[in-house]
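Colleague: Residue numbers (the working numbering), protein chains in the order written: chain V, 1008 to 1277; chain E, 253 to 496.
Have a look at the structure that comes next, please.
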Amino acid sequence: MPALKDFALKDCARLTDRVAVVTGGGSGIGAGICRAFAREGALVAVADLNPEAAWRVAAEIEAGGGRSLAVPLDVTDAAAVASAADEIERTIGPLEVWVNNAGISRVVPFIDCSEELWDAVLRVNLKGAFIGCQVAIRRMLPRQRGVVLNMSSQSGKTGASQYAAYCASKFGVIGLTQSLALEFAREGIRVNAICPGVVFTGLWDEQLEDYARKRGLAVEEVRPYLEDKVPMGRLCTVEDVAGTAVFLASDEAAFITGQAVNVTGGLVMD
Amino acid sequence: MVTGGATGLGAAMVERFAMLGAGVACCYNKSQAGAEALAAKLREMGKEILLVQVEVADSAQVREAVATIAAHFGRPVSILVNNAGDNINPAPIDEMDEETWDRVIDVNLKGAFLCAKYCIPAMKAARAGRVINITSISGRSGGGPGGAHYAASKGGLEAFTRALAKELAPFGVTANGVAPGVVYTPLHERTNTPESLERLRQNIPLLRLGAPVDVAALVTFLASPEAAYITGENIAVNGGLRMD
């Protein structure tokens, strides 16, 4: 359908020279956001717990003519996040876009959910976002300008069985997003969340067996089962999420703040 | 196809679609002068624009308009923006006359239904397309004083959007809502004083009124391939005024 292709906007970069940090940027959705940001002209800091993964994505962006920097980062370590942010500002420039994307996920019956697992999920997904927001916003405040994107989930809008910790963390991310949107709107800082549907990334590979067990399915039946539940008939992709991230990070979304945008193919509409 | 395209938000959408290379059908009802001025401006820049006068609440007129657009461009409508809206005679519910209620529901809700009804067959056949409904913050807030008819129409339009999304998803067609908050248009100059506009502005977290282009940019994003997996959403563009 040529009429729709006309809107690719590929000839006008929307993030030219903006300094962007993406946590969990070494793989999956985060890597997709890094690539999309770089295509739009941003200088991208690929931050990841796994230094090699961060380096691979940054090198790939550089090889493609983009500008990128690999940053080893544990999002749960506030001091490390702050010094990484300082280092990024020293080497590539003032932070303008910060994406809290790093996350972990486990499917486990609630009765068997250990305190350690609960803490780990909340620590990375929610406290990691808190730390990222605070570190980023502190640096954006003097310039009265910046965009924060927090990765929530369709599980941040609606609960799921055997998924209590993950859902609690992602609901929490939306509360964090709304509160900061209100607190910093007058300082020129926008804060929004994205709620993707299921994207088959490394994160899902790790929980595929547990999910199959939860539904009484064979592992290979999981994907068609999930696809069948989505009105659009397919799973979400890294590119689907990255496209929304680019839009929300750009000036095209200058009047949008405090929102949690679903990218779920119609599965979640609340 | 952008309804209510001659003025305000609609004109900004028409302009943005045209700038992005789309062939745009600018539908209007009463604002002929605005439509002609917009068309002249865009044609001067070499953009393709068709003006179509249509009452969106009239089934026969909508059917004819959709056919006219397809004939003119040599291909059917692939992006429909239901933007036409009316908000007349605000009144407390017990004093609101039935004609006022009917007129607002007819334009804002039935109009969107009729335009969708006649555009959808070609989208289904092409297995691609976009329906974008311009809702309003009032669909969730309950609207301003005397605005029950308007709030109800916009709440209805949100629910209609979700129904469309579910029904059209298997055909690769998405349907989404765009919910503006307070956007500065010529209408506000007529209905507000500078003091009341300032009070509105102070209430908005981002501390400014919306501009038509803020809404238009979200509309063209939803029309783009990047938003192919977003459907059934009602995205607010309100400067943080409301987040639910």
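The beta carbon of each residue, even a glycine, is placed where N, CA and C say it ideally should be.
Every value quoted in this text rests on a predicted model; they were computed, and no experiment measured them.
Looking at the structure shown, is residue 1245 of chain V part of a helix, part of a strand, or coil, going by DSSP?
Modeller: Helix, per DSSP.
Colleague: Does the CB of residue 1158 of chain V have a neighbour CB from chain E at under 8 angstroms?
Modeller: No, its Cβ sits nowhere closer than 8 angstroms to a Cβ of chain E.
Colleague: What are the residues of the region 410-443 of chain E that lie near chain V, defined by any Cβ-Cβ distance shorter than 7 angstroms?
Modeller: Cβ contacts with chain V come from 414, 417, 418, 421, 422.
Colleague: Please classify residue 386 of chain E: is it buried, with 16 or more other beta-carbons within 10 angstroms of its beta-carbon, or exposed?
Modeller: Residue 386 of chain E comes out buried.
Colleague: Which same chain residues end up closer than 6 angstroms to residue 1037 of chain V when comparing Cβ atoms and leaving out the 5 residues on each side of it in sequence?
Modeller: Excluding sequence neighbours, residue 1037 of chain V sits near 1029, 1031, 1108.
Colleague: For residue 487 of chain E, which residues of its own chain have a beta-carbon under 8 angstroms away from its beta-carbon, when the five flanking residues on both sides are left out?
Modeller: Hits under 8 angstroms: 428, 429, 430, 431, 470, 474.
Colleague: Going by DSSP in three states, residue 505 of chain E sits in which element: helix, strand or coil?
Modeller: In this structure chain E extends from 253 to 496, so residue 505 of chain E is not present and cannot be described.
Colleague: CA-CA distance, residue 1265 of chain V and residue 1185 of chain V?
Modeller: Approximately 5 angstroms between the Cα atoms of the pair.
Colleague: On a Cα-Cα basis, can you pick out the residue from V:1119, V:1103, V:1117, V:1124 that is closest to residue 1144 of chain V?
Modeller: Selected option, being the one with the closest Cα: V:1103.
Colleague: First and last residue of the beta strand (DSSP E) that includes residue 448 of chain E?
Modeller: Looking at the DSSP string, residue 448 of chain E is not in any beta strand (DSSP E); the run it does join, the alpha helix (DSSP H), is 446-455.
Colleague: Among V:1245, V:1195, V:1273, which one has its Cα closest to the Cα of residue 1290 of chain V?
Modeller: This structure cannot settle anything about residue 1290 of chain V, because the visible part of chain V is limited to 1008 through 1277.
Colleague: Residue 1186 of chain V lies in the beta strand (DSSP E); which residues open and close that run?
Modeller: Careful: residue 1186 of chain V lies outside any beta strand (DSSP E), inside the alpha helix (DSSP H) at 1171-1191.
Colleague: Is it true that the region 380-395 of chain E meets the region 327-339 of chain E, where meeting means three or more beta-carbon pairs spaced less than 8 angstroms apart?
Modeller: As far as the Cβ criterion goes, the region 380-395 of chain E touches the region 327-339 of chain E, which means the pair count is three or higher.
Colleague: Roughly how far, in whole angstroms, is the beta-carbon of residue 1055 of chain V from the beta-carbon of residue 1035 of chain V, given that I think they are within contact range, below 8 angstroms?
Modeller: Not really, about 10 angstroms apart at Cβ, beyond 8 angstroms.
Colleague: With distance defined between alpha-carbon atoms, name the residue in E:312, E:351, E:363 nearest to residue 337 of chain E.
Modeller: Residue E:363 is the option with its Cα nearest to residue 337 of chain E.
Colleague: Let me see if you follow: with CB-CB separation under 8 angstroms, is residue 1243 of chain V close to chain E or not?
Modeller: It does; some Cβ of chain E falls within 8 angstroms.
Colleague: Taking C-beta pairs closer than 8 angstroms, name the residues in chain E that residue 1180 of chain V reaches, listed in chain order.
Modeller: Those do not exist, as residue 1180 of chain V stays about 13 angstroms from chain E at its closest Cβ, beyond 8 angstroms.
Colleague: My output table needs one value for residue 486 of chain E: the three-state DSSP class, helix, strand or coil.
Modeller: Residue 486 of chain E: strand per DSSP, three-state reduction.
Colleague: From residue 1114 of chain V to residue 1214 of chain V, what does the alpha carbon distance come to, in whole angstroms?
Modeller: Straight-line Cα distance between these residues: approximately 6 angstroms.
Colleague: For residue 294 of chain E, return the contacting residues in chain V, with the cut-off set at a CB-CB distance below 7 angstroms.
Modeller: By Cβ distance, chain V contributes nothing, its closest Cβ being about 15 angstroms from residue 294 of chain E, past 7 angstroms.
Colleague: Does the beta carbon of residue 348 of chain E come closer than 8 angstroms to any beta carbon on chain V?
Modeller: It does not; no Cβ of chain V falls within 8 angstroms.
Colleague: If you drop the 5 nearest sequence neighbours on each side, which residues of the same chain put their C-beta closer than 8 angstroms to that of residue 272 of chain E?
Modeller: Cβ neighbours of residue 272 of chain E beyond the five flanking positions: 472.
Colleague: What does residue 1276 of chain V reach in chain E if we use C-beta pairs closer than 9 angstroms?
Modeller: Chain E residues near residue 1276 of chain V: 413, 414, 417, 418, 483, 484, 485, 486.
Colleague: Would you list, in chain order, the members of the region 1183-1204 of chain V that have their beta-carbon closer than 7 angstroms to a beta-carbon of chain E?
Modeller: The region 1183-1204 of chain V vs chain E, Cβ under 7 angstroms: 1185, 1188, 1189, 1192, 1193.
Colleague: Per DSSP, what kind of secondary structure is residue 340 of chain E in: helix, strand or coil?
Modeller: In the structure shown, residue 340 of chain E sits in coil (DSSP, three-state: anything other than H, G, I, E or B).
Colleague: Is DSSP giving residue 1034 of chain V helix, strand or coil here?
Modeller: Of the three classes helix, strand and coil, the one that applies to residue 1034 of chain V here is coil, per DSSP.
Colleague: Any C-beta of chain E within less than 7 angstroms: which residues of the region 1139-1172 of chain V qualify?
Modeller: Listed in sequence order: no entries.
Colleague: For residue 478 of chain E, which residues of its own chain have a beta-carbon under 6 angstroms away from its beta-carbon, when the five flanking residues on both sides are left out?
Modeller: The answer is none, since no qualifying residue turns up.
Colleague: Could you spell out where the alpha helix (DSSP H) holding residue 286 of chain E opens and where it closes?
Modeller: Where residue 286 of chain E is concerned, the enclosing alpha helix (DSSP H) stretches over 284-296.
Colleague: Go to residue 1075 of chain V, then tell me how far its beta strand (DSSP E) extends in each direction, as first and last residue.
Modeller: Per DSSP, residue 1075 of chain V belongs to the beta strand (DSSP E) from 1074-1079.
Colleague: Mind pulling the chain V residues with CB within less than 7 angstroms of residue 254 of chain E?
Modeller: Ordered by position in chain V, no residue passes the 7 angstroms Cβ test against residue 254 of chain E, which lies about 14 angstroms from the chain.
Colleague: Can residue 1112 of chain V and residue 1267 of chain V be called in contact, C-beta distance under 8 angstroms?
Modeller: Contact: no.
Colleague: Distance check for residue 1175 of chain V and residue 1211 of chain V, CA to CA, integer angstroms please.
Modeller: Whole-angstrom Cα-Cα distance: 18 angstroms.
Colleague: Taking C-beta pairs closer than 7 angstroms, name the residues in chain V that residue 365 of chain E reaches, listed in chain order.
Modeller: Within 7 angstroms Cβ-Cβ: nothing; residue 365 of chain E doesn't reach chain V, min ~18 angstroms.
Colleague: Measuring CB atoms only, is the region 1244-1257 of chain V touching the region 453-468 of chain E, in the sense that at least three cross pairs come out at less than 8 angstroms?
Modeller: The region 1244-1257 of chain V, when compared against the region 453-468 of chain E, does not touch it at the 8 angstroms Cβ threshold.
Colleague: Let's test the definition: count the other Cβ atoms within 10 Å of the Cβ of residue 442 of chain E and tell me whether it reaches 16, buried, or not, exposed.
Modeller: That one is exposed.
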